[in-house]
Structure formats: structure tokens, C-alpha cells
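For reference, the structure discussed in these notes is given below.
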Amino acid sequence: MPAHDEVHQTHDQRRLAHPTPPGAALDQVFQVASSLQTAMNSVIEGKPAAVRTAVTALLAEGHLLIEDVPGVGKTMLAKTLGRCIDSSVRRVQFTPDLLPSDITGVSVYNQDVRDFEFRPGAIFANVVVGDEINRASPKTQSALLESMEEAQVTVDGTTYALPRPFMVLATQNPIEMEGTYPLPEAQRDRFMARISMGYPSARSEVEMLDTHGSRSPLEDLRPVTDAATVTQMIDAVRRVHASQALKQYVVDVTQATRTSSALRLGASPRASLHLLRASRAHAALAGRDHVLPDDVQSMTVPVLAHRLMLTGESQLAHRSAADILTDLLQRVRVPAPTR
Amino acid sequence: MNRARPIESLLAALASFCVALPLLTLFDANTWMRPSVVVIATIALVGVAVRSVTTSAWSPILGQVLAGFLMVSWLHGQGHLYYGFLPGIDTVRSLGILLGEAQQTVLTFSVPVPTDRGIVVAITILIGFTALVVDAVGVTLRAPALAGLGLLTAYLISATNSGDGLSWRYFVLPVACWLALLAMQGIGSVRRWGTAVPRSPDGEGPDPVLGVAGTARLLGVSALALAIVLPMVVPHLPTTFLADGLGRADGSRGGGAVSLNTTVDLRRSLESQSQAPVVTYSTTTSTPDPLRVGILTEYRRGEWSTRFEANRVLTGNTERLLASPDITSTDVTIEVQENRLQAPQIALPSPLKSADLGDATLLRNFVGGYEIDTTLDEYSATYAQLAPVDADFARDGARPQGWQEGVYSDIDGEGVERLTELVDSVVPENSTPLETARLLQAHFRSSQYTYSLQLPTPTDPVSGRAMMSDPLSNFLVSRTGYCVQFATAFIMAARLKGIPARMAIGFLPGTFSTGSYTVRANDAHAWPELWFSDLGWTRFEPTPGGRAGAAPTYSLIPAAAGPSASASATAPTATPTVSASQRPDSDAGAAADAAASSGGPLTWLSDNALAIVVALATVMALLLLPVAAWARRRRLRLEARDDAERVEADWASLISRLGDIGIAPPPGSTPRQAGTRLTHDAILSGEPKEAMGRIVATVERARYAPPRSDIPDVSADARTVWQAALSARQRSDQARAYLFPADGIRQWNDVKDAVARWPRDAWRRLRRD
Chain A
11 MPAHDEVHQT HDQRRLAHPT PPGAALDQVF QVASSLQTAM NSVIEGKPAA
61 VRTAVTALLA EGHLLIEDVP GVGKTMLAKT LGRCIDSSVR RVQFTPDLLP
111 SDITGVSVYN QDVRDFEFRP GAIFANVVVG DEINRASPKT QSALLESMEE
161 AQVTVDGTTY ALPRPFMVLA TQNPIEMEGT YPLPEAQRDR FMARISMGYP
211 SARSEVEMLD THGSRSPLED LRPVTDAATV TQMIDAVRRV HASQALKQYV
261 VDVTQATRTS SALRLGASPR ASLHLLRASR AHAALAGRDH VLPDDVQSMT
311 VPVLAHRLML TGESQLAHRS AADILTDLLQ RVRVPAPTR
Chain B
-8 MNRARPIESL LAALASFCVA LPLLTLFDAN TWMRPSVVVI ATIALVGVAV
42 RSVTTSAWSP ILGQVLAGFL MVSWLHGQGH LYYGFLPGID TVRSLGILLG
92 EAQQTVLTFS VPVPTDRGIV VAITILIGFT ALVVDAVGVT LRAPALAGLG
142 LLTAYLISAT NSGDGLSWRY FVLPVACWLA LLAMQGIGSV RRWGTAVPRS
192 PDGEGPDPVL GVAGTARLLG VSALALAIVL PMVVPHLPTT FLADGLGRAD
242 GSRGGGAVSL NTTVDLRRSL ESQSQAPVVT YSTTTSTPDP LRVGILTEYR
292 RGEWSTRFEA NRVLTGNTER LLASPDITST DVTIEVQENR LQAPQIALPS
342 PLKSADLGDA TLLRNFVGGY EIDTTLDEYS ATYAQLAPVD ADFARDGARP
392 QGWQEGVYSD IDGEGVERLT ELVDSVVPEN STPLETARLL QAHFRSSQYT
442 YSLQLPTPTD PVSGRAMMSD PLSNFLVSRT GYCVQFATAF IMAARLKGIP
492 ARMAIGFLPG TFSTGSYTVR ANDAHAWPEL WFSDLGWTRF EPTPGGRAGA
542 APTYSLIPAA AGPSASASAT APTATPTVSA SQRPDSDAGA AADAAASSGG
592 PLTWLSDNAL AIVVALATVM ALLLLPVAAW ARRRRLRLEA RDDAERVEAD
642 WASLISRLGD IGIAPPPGST PRQAGTRLTH DAILSGEPKE AMGRIVATVE
692 RARYAPPRSD IPDVSADART VWQAALSARQ RSDQARAYLF PADGIRQWND
742 VKDAVARWPR DAWRRLRRD
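As you go down the protein sequences, you meet chains A and B in turn.
Mapping of the first sequence onto the numbering used here: residues 11 to 349, in sequence order.
Mapping of the second sequence onto the numbering used here: residues -8 to 760, in sequence order.
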């Protein structure tokens, strides 16, 4: 498992390279995020990178799109994340007949008080797992996406704030597209990151058969943190320093996607924002109080790949957005302070 | 493109004409020039005309051959033509006769050769042939690079026969024409590639071919400059190739054997700088004396000769010493291992005591010169190295044989007046013969005289015009010459003062290496021998400079300021006050000579001045980049305003230096990726690896951390990494990294940019003021 080793190696290096202890808040972020990842890794066998990205998105206040074939553990990942945090978790199975009001909630006439009272929908939770989001009608999808962006819901003229932290983990199946409503580009843009699970390795799969054979490991999972701590962690991540040169680098990367001849549509300014936030979280996960270009580079593919539209030539050449982004990263100069 | 190619023809013709120009130095008149120009023009015009009507390559060449022959016939075959214009067998025969005459002229006369009719014909044909070859190869067959060979051959004929080097102008002119021809055809052929260098579609922008041509021009001009500069550094070697001997009826060279010319002409510049070894010998002394080959007694009209034949067999090859036995002397033996001097000449030291010549017979002539009947490869000889004191010169004794006949006292009338003036001014009235000889030698060796193998053209001191007078007077006026002139003047002056004197010719002791001395042809030397009755024939050395022999101890004026009064009292006339006041530098001159002969550091410096300058320039050139790189690194560090910038400067320097040994981070890599890559490529481990980790962490902190963070100095770590990386590389890589650092090139580019920007900045500043 070279990928696994690499992750740990770089992790160790980062620890070595920073002998000075980061601030207390960051220390907490590092501690909690590490135990969170350990807990999740015990359920999701052999997918530390996906777990890491999921935690990063959580700390960066982003939403996660998990896209893969059925049965590789998309929903399991989403549920595990929800279970590890001692918070409200709601799961919505998207179907074509799901209505927007099922998501947002609905005002119901209460006979006792002789008034309409608001019944919150599935969205009123800290972690919302939207299964097979592409099966719902666009109307329902957009209701979800609106609240994702605004972190609030407006029903019958009244605005209800969503709880903090608030994270949507949506899964979708890219293969079985019959009778689905694929997310339009504009809506994909709302998700901070997209990850693919991929098949597990043979060893991991055997281990999975062992552990999942008797009973679900999810049931043994105890929360390692709670919503309040996660909110604190999110605030600490916001304070991670990003130098001027680094912000320039983020912009350089997104602008490179806009000028690349292999792409029909590049990354939006919102993508820049998401990239910087994700990079901050990534740096915090490494226990660092400042963002490095390396953080930006490791978050570029998960954060940008699902927002790009490839040209016909690139598609014919079987190039993926991830390939094109990797190429771009090798060309964009890492900023050094200018005099 | 024009098929006739008139401009290229013109260039080829110009090149052919320019390459003939050095002939001006070989012949005394330039009557060959007009017919040559006519022939060159004919060949060029015929070439253009025929090329314009046919595409065949051979028709123009045939036409040119015919037209050239016709033109030569019309110019030189007048009276041998049918109907006054048609050449025939008779014409060819007459031209042949003229060429025969030319050959005779060339073999008879030395440079400059008189330009008679045969010579003009020969030169016309030669130049015509050159023009034909250059035009045919360079223009008709479109191989201008090959045409350079024809030009080079013609040039070399002139260059090798002019003796000394030709002026560089003679080289630049034909080469410039040839390069222009090359450039024209080169540009033409690049244009024919068509697709390789497309013109911009709108027809605007610079012609891409000109970019290629610019590089080619730069290369051409650089090569030309190099061809001119390089020979100035390389020593001028003797001209011993290609038509050697043209213009000189000198049969002595070639074949490896050497013989010394026994008639010495004072008018000739010494041109033979042959390095051919003559004699190789080993000896028992550390200060060997010159080897004598012949003795010349008669001086007439600027030429030395001898009229005595060696007719007496020296039985047992032993010679009775002329010097009296009570003079201190050391017996010295020389063992000759290689001898290339042809019989009857033999190089022997003097005064000879005995010689071991194997079966050969040693002959002696009237004046004491030796000859041998067969050429020997090896022989040995013993001679007495005399160490006389002043008193030995004063005694009276026997006169030399032939004294009565005036063999050693005849004075040629030419130049005597000037010589008498000189002798009277240098030598006081009542000097002894030894004092006379010493004063004369000191005079000639003083700094007033210049040693030169090239004799200056005598000029009239009043009018400044060229003047032909006798060579002795010329020497006394110009005070420039080589050993023959110095020795002649010295001998004549001695004879004027009544001292029997004669000229010895032979070789300097040669150069010592690995146990033996090697005498080369250019060690040939002439020196005077003066008769002192108790000593015999005694060598003096009036020739100054490093090429002459060291002056014998007895011939130097002794230092006058002795510690005791008696020393100055015993030699009251040795340094007469008159002479001292008139010739204040005579002692200094002798002292300088002594220093020169002992190889003082100053002489070494002056002898090797050019080599030292070249070596220094090379060292400076090699140091240009390292020093610039050092200056740049220092400047970057000093210009840093805070710790972060200093770390950046160190990081940039480290990356650049690692790049010098071929280790570079991938473009667009972060410091961390660069660090990982560099650690891997430079095979760092242990402390250097940790140092690299610290550097990377510091650079990251300097760049991206919040401003308040503390940033340590990384220069020590950078040095550790650099040394570890360097020590893992090969020596050649290390040398390259030190000698050609990229930082140095960047620094020079910065300097260049600053210089280029300077006028604009200055103007801006001026306007602001």
C-alpha cells in the first residue's frame, strides 16, 4: 500500500519539520482531527486519503460530494463521519418523488395553537447525508443546494438558521445514469470537494469481510468529538495564516484552469475561495499555523476537478480533469516573495 | 536567383586578387599586377557570361580555361601568334621559355626577386589559375568552402617565402572576400529550404533567415579574429614547408644535415630560425664555451671570408697549446653524441688540446681552423678552459703566424672614419690592449645597442631618406644588428688599435636538458678572437642580449671601487675618468649582461613576457565567472532587508550552486518538493540531510508563515549541504561548478543590463532634476 505509507511518511516529515508547538487551538485541531481520522479509518478500511479529505472538508466548512460506483462505501463514509461526531445526523435518500419541503421542512397548521408551525426538514442537522443526490428532481436538488450555500432555510417568509457545524455529504453514482438528474455545473460548484472512493485493495477487502461479517463496526463506533468542539476547530482553521504570496498562488492555479486549452470551463472565484479554505484546513490537519503551496497542491484535485469541463479533444484523448490539473500544477510557478 | 551569379563572381575575383597581394613583398617591382588583373577579370566575366546561357557546370569552366589561356597568350606571347591573335605551338614554346627564365631568376636571386618578363608570365599564370579554381569551385560548382582551399594554397606560397611573417592585412582581405562569398551562398541555400524557415504570412517582421545569418556572421567574424590573434601568441616557427627555398639559392637546408655558411654577409638579415639540432654533447663543465667551426680573417665590402685551405694533417689529433703553461687552466672534455654537421666542417671547442675522432683525419689550416675528411656521428675533444689574470695579458711574446702578411690587421676602407670616431671616443689614448678590448666590449654591450635579427633599412640621418652605404657604417649609425655586425665592428676597432683580431664562427653552447647540451641551427654565432701573445687567441663577446654567449670573466671591466686604496692604485688606467664620464652606463651595461647570462628573474620575466601576459589573462578569464558569482551571492545577502530575505538569498544561492553540479529541482516545485528532490539527487544522508530539512523548513517559514515568526540563519546549513553534495560528484563536475557558476553568468547579465539601461536612467534622472 504505497499510498498509505506515503501519507504517513509525509505526516512524520511534517511533524519533524515543525519542532515548535503550534498554538493551543491548532493543537486541539491536530489532536481531535487525528483521533477522528483514526476512528474513521477503523471503519473505512484502507482509504486514509478519502477520510482525510472528508475531515478536511468538515474543518473547512465545506460540503462533500462522494462520487463512485455502488457498494464501495460512499454511504458508509458519510455515516461514519456523522457517527464520529456527537451531533445530529440526518440521512435523506433522494428519489424522484422527493419534494423540496421534505428537505427544508414545511409549515403545518397546528390545531392546538391554531397557527401554522414549522416542521423542520431533513436539512436541520449538523451532518446531512444525501444519498444518490442525482436521483431527485432538479427542484428538490436546488432546495438542498440553496441551503448548503446559505446555511439557512427560508420557508413561508421565515428564515431559519441551520445549526453549526453544518455539512452535507452527498453521494452519487456516475454509472447508473438512467432516470437521473445529473447535477448541473453551477450546483456542483457548491460542493467544496469531490472524492472517489475507489475499490479497496485485496487485503483491505479481506479485512473488511472479517470485521463486517458478524456485525456492523459502525455500531461499535463511539463519537470522538462533539459539535461544539468541531465549531471551535472550524474557527481555529479560519485563523490559519495564508501569506500574500500563497493567495497569489491559489489565484494563479485557478487562473491557469481558465486559460488552459484543455478545458472548456475553468474554476470559478468561488473555487479559489474553497481552495484556500481547504488548504487552510489541510495545513491545520498537519498541525501547522500557516498554509504552504504543498497544501494547495494536495487540495487542488479534490477541490477543483469536479468544477471543470473538458474540451472535446481532452475527452477524446481520455484525459481526466485530475490529469490536466496535475499538469497545470507542474507549470504554475510557486511564488517566492518578490522585492 | 540569378543563374549568372555576377556578385559572387566579383567576390571570387576580388578574393583571388587580394590573395595575390602578398607577392608584393617577394618581388621588387609590381609590373605583374596589371596583366594579372586583366586575367582575373577575363575569367570572372567569361564565367558570368557562360553561366547566364547554360546550366551546365563544365561549360563555364572550359570557357574560362580557354579565355584565360588566350588572354595570357595575347599579353605575353606577342610575336608568336598566328595572324597576330591566334596562339599556337610557337606561343606555348615561347611561354615555356619564359617560365624557364622565371625559374632561373627565382633560384638565383634572393627576396626581393627582380621582376623580369618570365616572372611576370609565371605570376600571371599562377594568379589566373587561382582565380579559375576559386571561380569554378566557389561560384560555378557552388562550394565556396572548398574554394577557400585554392585561396589558402596561393596565400601559403607567398607566406612561406616571405621569410618573416606577413602582415595580418594580407590575410584579412582575401578572407573577408571569401567569407562574404560563403555568406552569400549560405544564405541562398538556407532560403531554398523553404519550409524550415517560413516567412511570416503577412510579410512583416524580421526575415527569419537573417537570424540564422546573424549567428553565422558572428561565427565567421570570431573565427577571423581568432585566426589573427592566435598567431600572435604562438611562437613564429621556421618556414620549412611547401616550396621551401623559392627565392633563395640556399642549398644548405633540407635532408637533415647542416652546414655553416663560411662567407658571412653583413647586409643580410638573419632569417633562418631553424630549430634543427646540430650537435648534442655532454661535458664535464657547467659553463661550456662556444664551439668553433671556422675562422674568418678577411673583411671586404661587407663580407667575411677566408682564403686559407686546411692542408696540414694534425697527427695524433693533438694540438700544442698556444698559451704559456703557467696560466691557470682547466682541461674540459666534451663528448659529442650526435653530430649532423657535414664534413669538412666540425664543431670543436678552443683552444683544442686533443680530439678523439676515430678513423677520421683532422686537418689544420694556416690560421688554426680545423677541418675533417669524413662526417662523424660521434667524437670527443679536450680543450683548455683558460682563467687568465690581468697580468697574463700584458706580457710580450710571439706574434701570431701571418702577422707580417697583415692577415689579422687589414682594414677595409668602408666605414673606417665612423669607426675611428667611435674608437677615439670610447678608448683613451694610452690604453693597454686588454683595457681597449674591455672598454670596446662594454661599449657594444651597453644599452645603446639593440640586438635584432632584422637589420633596419639604413636611413640618412639628415634627410631621413633611405640610404645605401656600407654595412659597417649602417650598423654604427643604427646601432642595431646581430652577432656578425657586433663582432665585425669589434674586430675592426681592435685592428685599428693595433690588436691582431679575427672572427670565429660556430655555435653557442646550446641548451641543457637531461644531462646533455643540444645545439640547434639557430644557435649559430660569430665572435671575435683577439691575439694576446701569452694567451693565444682569446674570445671576447661584444654581442649583447640573451641570444649571445656570456662574456668571459676576463673580458669584463673589474669593479673600480675596491675596499683598499691599493686596489685602485694598482689599476689606475683600468677605468680612466674620461671614459667613465663619457660612458657612464658602460659598467651598468656589463653588469646587466652578467645578470642576463646568469638567468636573473628580470630576464626571465622579460623573455617570457608574452607567455606571462597570456597566462595571467587566462587566469583572469577563468576567474571572471567565479568572482562574479561570489559577488552576486554576497550582494544578495547584503541587500537583504530582513531575515526572510536573507534566507531567500541563501536558498537561491544554494539552488543555483546545486544546479552547477547538475542537480536542479523540477520547475514549479514547492520548497518542500525541491528539498526532497535535491536530497534524493545529491544523495544526502545524515547531517546534510537534516540540514536540508532545516533549510526547507526555514524557507517555508520565511515565505508563508505569519510575519512575526522567528527565522534562523541557514547559511551554515547551506554550506553543509553544498559541501556534501559537491563531495559526492566527480572532480570534473566540481571543477566546472567552481569555474563556470550560473550565478556568475547571471551577475554579468545583470551588469550588462545595468550598462544598457544606464543612458535611459541617466536621461530620466537628468530630466527629473
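Ideal Cβ placement from N, Cα and C applies to all residues, glycine included.
On a predicted model such as this, the values are computed, not experimentally measured, just so you know.
Using a 10 Å radius around the Cβ and a threshold of 16 neighbouring Cβ atoms, would you call residue i buried or exposed?
| i | result |
| --- | --- |
| R343/A | exposed |
| H292/A | buried |
| H671/B | exposed |
| D641/B | buried |
| V77/A | Rather than Val, the amino acid found at residue 77/A in this sequence is Glu. It counts as buried. |
| F384/B | buried |
| Y119/A | exposed |
| H328/A | exposed |
| K57/A | buried |
Under 8 Å between the Cβ atoms of residue i and residue j?
| i | j | result |
| --- | --- | --- |
| R101/A | V139/A | yes |
| A88/A | M207/A | no |
| L431/B | V418/B | yes |
| L425/B | L339/B | no |
| M202/A | V313/A | yes |
| G68/B | S85/B | yes |
| G131/A | T105/A | no |
| R93/A | L231/A | yes |
| L157/B | A167/B | no |
| L173/B | A136/B | yes |
| A237/A | S44/A | no |
| L338/A | V261/A | no |
| V104/B | D19/B | yes |
Is the Cβ of residue i closer than 8 Å to any Cβ of chain A?
| i | result |
| --- | --- |
| Y729/B | no |
| R748/B | no |
| Y695/B | yes |
| T661/B | yes |
| E678/B | no |
| E(-1)/B | no |
| S706/B | no |
Any heavy atom of the ligand ADP inside 7 Å of the beta-carbon of residue i?
| i | result |
| --- | --- |
| V125/B | Ligands displayed in this structure: none; no statement on the ligand ADP is therefore possible. |
Can you check DSSP and say which residues form a bridge with residue i?
| i | result |
| --- | --- |
| V163/A | Y170/A |
| E77/A | Q182/A |
| F18/B | V104/B |
| F523/B | G527/B |
| M319/A | L275/A |
| L377/B | S320/B |
| P78/B | L72/B |
| H67/B | Paired residues: none, contrary to the question. |
Would you say residue i lies against chain B (beta-carbon separation less than 8 Å)?
| i | result |
| --- | --- |
| S308/A | no |
| H292/A | no |
| D199/A | no |
| L335/A | no |
| V260/A | no |
| H300/A | yes |
| Q38/A | no |
| P303/A | yes |
| R248/A | no |
| Q265/A | no |
So residue i and residue j are in contact, right, with Cβ under 8 Å, and what is the actual spacing, rounded?
| i | j | result |
| --- | --- | --- |
| M177/A | L68/A | 6 Å |
| A673/B | A716/B | 4 Å |
| T328/B | T366/B | Rather than Thr, the amino acid found at residue 328/B in this sequence is Gln. Not a contact, Cβ separation roughly 15 Å. |
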